[in-house]
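Peer 1: Below are the structure tokens for one structure; questions will follow.
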Amino acid sequence: FAGFYTLLALIGPNGLLPSFVWPDNNQHLLQVRAWLGEDIDLESIGPGEDLHIDVEPRLDVTPYFEHRVIAHPRDRAMLANLAIVIPGPPGGPALLPAQSELGNDPDNEEQLARVICHVGFPPGPAFIMLPLRLLFRSALATQWLSAILGGLAIALIDLLLRMWTIDRPELRTPLLVLSGFGTLWMWIVPDGGTSFFAQVVATTALVGALVALIGKRCFLGGCALAIAITSRVSMIGILPIVVWLLWKEKPSRRVSALLKAALAPAIAGALTLVLNHLRFGSVFDFGYFYMFTPPELLHRLLEHGQLSLVYLGKNIQYLVCEPPMSIRNGDGALVFPYFASNPYGMGLFFVTPAFLAIFVNLHPRCLTRSRTIVTWLSLFLICLPGLLYFNTGWVQWGGRFLLDAWPLFLMLTAWGLERAPMRLVFALVALSCLSNFWAVLLSVLRIWPGCCL
């Protein structure tokens, strides 16, 4: 699976073919470069200009934007969610959002010279890339790292299903195929961009944490959980399952198991809060208030905030209910690519029809099992932030925010299919693979899913 994802990464929109666009197109990688104080070597600049720029170890990534390290077709996307600030005046706020301060005078050289750029995403992906950058240096590209993690996640999912869920051995192969080829995972993994990479890191770590905790390796599970939560804060919703698994330990081992599992998340969480304080002056400020937001989203963010019940209806529409849109010419006839995802998203069960099997677990007989109840609860808690978020994502095949709960959807699907006829299982898996291979095909052809109107 990792090899297949690497191939997709090579030929996809961020890949090596047909043109080289594998630079540091990932904010997490730029964050690591800033922590290490990696110097900047520029290419293709004017005669007489310095090709080498010294950079001291730092928390912000300003030099890498100021000197145009980012120079590829997705330049503009790199600014999205970047926390860009300007030091405030004496007696006022310490930091001001650059987007609003420069809004009326974007060419003010004095103000531009004071701009500071921070990565506004949680630091988990940067934590794991730090030692890898020291080892591989410039050979480290988030596309191939994401592909490797994506393959590892499939192996862990297979192990998780074997350990905890499947009573029918003949279901293992169809579920393995579904995991690797029949979900949004196949489309997200090869991308390597900032948001997608964070989801790959977080979700892979989440699966690893479940496997370790079920296998009674509490410290290892805690380490994986620390990476998951510091990569995507929504992953904290897995706590009902974690607490339930630890409670199943023998009474004499519960306290030690809890301490082992909690140690790494506590350290990683404390480090994250310290970074918040050093960058933004508050341990609970992740920089969201300062993030650069596209104008079409900024007004709703300012009016209702980042999370609000106001967004719930639209998010459910685009993440759960929205059907594929047909692509037609001026005469109303279907034209290639015929069907695609809406730019705002497409319903989960159109992306992966096999996930319809999760509803079998709402039968009263199934709800007598404690594992089913805690899995439903964790799935709800992980998905809730995405359902209340001020946007659904953009240029995506389906709703990628729901992918945070990917392993839980797969577990509930496995339980739901345990009594299903194999013909139905094969049909659901085949339809799911068809949907997601279509998404990959459109990506490889540079027809971005949802953007081919």
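If you count by the working numbering, then the sequence shown holds residues 7 to 459, one letter each, in order.
Positions of the beta carbon are idealized from the N, C-alpha and C atoms, including for glycine.
Let me know the secondary structure DSSP gives MET241 once reduced to three states.
Peer 2: helix
Peer 1: Kindly identify the DSSP beta-bridge partner or partners of ARG334.
Peer 2: Per DSSP, LEU340.
Peer 1: Under 8 Å by Cβ, that's how I've got LEU177 and PRO413 pegged, so tell me the actual separation to the nearest angstrom.
Peer 2: Not confirmed; about 16 Å, so no contact.
Peer 1: Kindly give me the distance between the Cβ atoms of LEU354 and PHE361, rounded to whole angstroms, as I take these residues to be in contact under 8 Å.
Peer 2: 6 Å
Peer 1: Report the start-end ranges of each alpha helix (DSSP H) in the stretch 219-280 that is 4 residues or longer and not cut off at the edges.
Peer 2: Here the runs fully enclosed are 224-237 and 245-253.
Peer 1: Counting C-beta neighbours from all protein chains within 10 Å, is the total for ARG259 16 or more, i.e. buried, or is it exposed?
Peer 2: Counting other Cβ atoms within 10 Å of its Cβ, ARG259 stays below 16 and is therefore classed as exposed.
Peer 1: What residue range is occupied by the uninterrupted beta strand (DSSP E) comprising PRO103?
Peer 2: 101-103
Peer 1: Could you check the C-alpha separation between ARG80 and THR378 for me, to the nearest Å?
Peer 2: Residue confidence for ARG80 is low, a pLDDT of 45 falling below 50, so the modelled location carries little weight; the figure read from the coordinates is stated next. In this structure, the straight-line span from the alpha carbon of ARG80 to that of THR378 is close to 42 Å.
Peer 1: Which residues does DSSP pair with LEU14 in a beta bridge?
Peer 2: Paired residue(s): none; LEU14 is not in a bridge.
Peer 1: State whether the stretch 381-396 contacts the stretch 130-142, with contact taken as three or more CB pairs (one from each stretch) at a distance under 8 Å.
Peer 2: Two segments are said to touch when three or more pairs of C-beta atoms, one from each, lie closer than 8 Å; by this definition the stretch 381-396 does not touch the stretch 130-142.
Peer 1: Taking only three categories from DSSP, how would you classify MET428?
Peer 2: Helix at MET428.
Peer 1: Pick helix, strand or coil for ILE172, following the three-state DSSP scheme.
Peer 2: coil
Peer 1: If we ignore side chains and look at the alpha-carbon of each, how far apart do ASP47 and TYR70 end up?
Peer 2: Spanning the two alpha carbons is a distance of roughly 10 Å.
Peer 1: Report yes if the C-beta distance between GLY18 and VAL450 is below 9 Å; otherwise report no.
Peer 2: Contact: yes.
Peer 1: Going straight from the alpha carbon of MET241 to that of VAL249, what length do you get?
Peer 2: 14 Å
Peer 1: Quick check on SER50: buried or exposed, where buried means 16 or more other Cβ atoms within 10 Å of its Cβ?
Peer 2: For SER50, the pLDDT reaches just 48, beneath the cut-off of 50, and the residue's location in the model is therefore unreliable, although a value from the coordinates is still provided. Answer is exposed; the Cβ neighbour count stays below 16.
Peer 1: Tell me the rounded alpha-carbon separation between PHE365 and LEU418.
Peer 2: 8 Å
Peer 1: Roughly how many angstroms separate the alpha carbons of LEU383 and GLY94, rounded to a whole number?
Peer 2: 43 Å
Peer 1: Name the residue from TRP193, LYS222, VAL206 and ALA215 whose alpha carbon lies nearest to the alpha carbon of SER262.
Peer 2: LYS222
Peer 1: Have a look at ALA363 and LEU155 and give me their C-alpha separation to the nearest angstrom.
Peer 2: 27 Å
Peer 1: Less than 6 Å between C-beta atoms, sequence neighbours within five positions excluded: which residues of the same chain meet that for LEU182?
Peer 2: These residues qualify, in order along the chain: ASP164.
Peer 1: Would you check if there are 3 or more beta carbon pairs closer than 8 Å linking the stretch 123-131 to the stretch 192-212?
Peer 2: yes
Peer 1: Taking the Cβ atom as the reference point for each residue, do SER438 and GLY157 lie within a distance shorter than 9 Å?
Peer 2: For SER438 and GLY157, no; Cβs fall outside 9 Å.
Peer 1: Might you give, ordered along the chain, the residues of its own chain that have their beta carbon closer than 7 Å to the beta carbon of ASN397, omitting 5 neighbours on each side?
Peer 2: LEU303
Peer 1: Spell out the partners DSSP gives LEU88 in its beta bridges.
Peer 2: Among the bridge pairs identified by DSSP, LEU88 is matched with VAL125.
Peer 1: Taking PHE345 as the reference, give the member of SER288, PRO257, PHE443 and LEU385 with the closest Cα.
Peer 2: PHE443
Peer 1: In whole angstroms, give me the CA-to-CA distance for LEU440 and ALA208.
Peer 2: 26 Å
Peer 1: For a test of the three-state rule: what should DSSP assign to ASP164, helix, strand or coil?
Peer 2: Secondary structure of ASP164 (DSSP, three-state): helix.
Peer 1: Using the Cα positions of ARG452 and ALA40, report the straight-line distance between them to the nearest angstrom.
Peer 2: 32 Å
Peer 1: Looking only at its own chain, which residues have a Cβ that is under 6 Å from the Cβ of ALA89, when we skip the five neighbours before and after it?
Peer 2: HIS124, GLY126, GLY293, TYR296 and MET297
Peer 1: Report buried or exposed for ARG186, applying the criterion of at least 16 other Cβ atoms within 10 angstroms of its Cβ.
Peer 2: For the record, residue 186 in the displayed sequence is Gly; it is not Arg. When all chains shown are included, GLY186 counts as buried.
Peer 1: Take the Cβ of ASN32 as the centre, count every other Cβ of all protein chains shown within 10 Å, and call the residue buried at 16 or more, exposed below.
Peer 2: Here ASN32 is buried. Its C-beta has 16 or more other C-beta atoms within 10 Å.
Peer 1: Could you check how far apart the C-beta atoms of LEU409 and ILE235 are, in whole angstroms? I think they sit under 8 Å.
Peer 2: Contact doesn't hold; Cβ gap of about 16 Å is too wide.
Peer 1: Alpha carbon to alpha carbon, how far is ALA145 from LEU16?
Peer 2: 14 Å
Peer 1: Do PRO196 and THR12 have their beta-carbon atoms positioned less than 9 Å apart in this structure?
Peer 2: yes
Peer 1: What is the rounded straight-line gap between the Cα of ASN348 and the Cα of ALA274?
Peer 2: 37 Å
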